[in-house]
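Numbering (mature numbering (1 follows the signal peptide of the UniProt record, and there is no 0)), first residue to last: -20 to -1, 1 to 272.
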Amino acid sequence: MYSATRRMLTLAALPASTVSSPTAARTVRPSWNLLLARSVSTSQVRLDVTPNVTDDKKPQLKKFWRAVTLRQDEDGFQVLLDGRVVKTPQGTPLSIPKSQPMIAHLVSAEWESQQKLLRAFSLPLTSLLVRAKDDFSDPDVRKESIDKLMKFLQTDATCFHEEFPEELVRLQQAHWDPLLDWARTHFSVAIHTTNSLLGTRQPDHTSATLRTHIEQYSPLQLAAFEKAVLTSKSFLIGLALTERVISAQQAADAARVEVQAQIDRWGEVEDAHDVEREDIQRVLAASALVVE
């Protein structure tokens, strides 16, 4: 039995709001889809961040600008669409710090690459910046998000280990064991693993130590960590990525251990496994970039 099956049994005992699974991801786990809309004012373009809904039910917005430019001032870099500053839902300019010129150019490139219709998934860096600026400057929102993220530690994929099949054991040892060893050593905590159907709980000291650490994250670091955890469904993978211990590619490989074991054994499903792989890599790469 794959560890995914065992983990599902453990997750079944949790409140619905804490569970994130491939089949329920759109309705359970928090996500922030960007819907671009023209403001009443002609001097700005605002981004609206709304709760996640099914893509085919969201209004489709056509690209309405021709030129994307990048402006630098004392506050940092700003993206302009036909000369109008992109602003967040709360009306603040979407500013990128001077210390991150590469991020500024990549955000500009996100807008330049838009086609006729805009899609939330095609603006991953912009999404992180909006989440950081509008939401994680609010202590209550930060606390609520951290509360939810801490629940992933108790059902972390990397803590569910199996003894067969051979393909799965090999991948777990290659991608998960180094993460567990790093976390135990770096934070001086105990992290339990299991192959039990009943799962395992991490010690209170471990949870408290790791929570104290992520509470110190800047708004942008927290936004990147949150997205990495939700995408990988692993607190420890998200933590290692945010701490720059692993690359986006390594994080994606660790997040797909169970799927890759199935592919190695049964083969890849075209337009399914490959699409999922690219999507995970894209999102984790955005998180990795903003914490460089």
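Even for Gly, the Cβ is constructed at its ideal location relative to N, Cα and C. Computed from a predicted structure; not experimentally measured.
> Looking at the unbroken alpha helix (DSSP H) that takes in residue 275, where does it start and where does it end?
Replying inline: Summary: the structure shown does not reach residue 275, with the chain confined to residues -20 through 272, and so no result is reported for it.
> When DSSP builds the beta bridges, which residues end up paired with Leu269?
Replying inline: According to DSSP, Leu269 bridges with nothing at all.
> Quick one: is Thr135 buried, meaning 16 or more other Cβ sit within 10 Å of its Cβ, or exposed?
Replying inline: buried
> Buried or exposed: where does Val255 fall if 16 or more other Cβ atoms within 10 Å of its Cβ makes it buried?
Replying inline: So Val255 counts as exposed.
> With respect to the beta strand (DSSP E) encompassing Phe116, which residues constitute its N-terminal and C-terminal limits?
Replying inline: Counting along the chain, no beta strand (DSSP E) covers Phe116, and no H or E run does either.
>> On the DSSP bridge list, what partners appear for Pro73?
In response: Lys67
> If we ignore side chains and look at the alpha-carbon of each, how far apart do Thr7 and Ala252 end up?
Replying inline: For Thr7, the predicted model reports a pLDDT of 31, less than 50, meaning its position is unreliable; a value from the coordinates is still stated below. So the alpha carbons of these two residues sit roughly 20 Å apart.
> Rounded to a whole number of angstroms, what is the C-alpha to C-alpha distance between Ser21 and Gln52?
Replying inline: Note on Ser21: pLDDT 34, under 50, position unreliable in the model; no value is reported.
> Starting from Gly218 and walking both ways along the alpha helix (DSSP H), at which residues does that stretch end?
Replying inline: Phe215 to Thr222
> So, is Ser125 buried or exposed, given that buried needs 16 or more other C-beta atoms within 10 angstroms?
Replying inline: buried
> Which one of Asp233, Gln242 and Thr222 has the shortest CA to CA distance from Val270?
Replying inline: Thr222
> When DSSP labels each residue in this structure, what does Lys43 get in the three-state scheme?
Replying inline: coil
>> Using a Cβ-Cβ cutoff of less than 7 Å, which residues in the same chain neighbour Glu258 once the five nearest sequence positions on both sides are dropped?
In response: Once the five neighbours on either side are set aside, Glu258 has no close Cβ partner at all.
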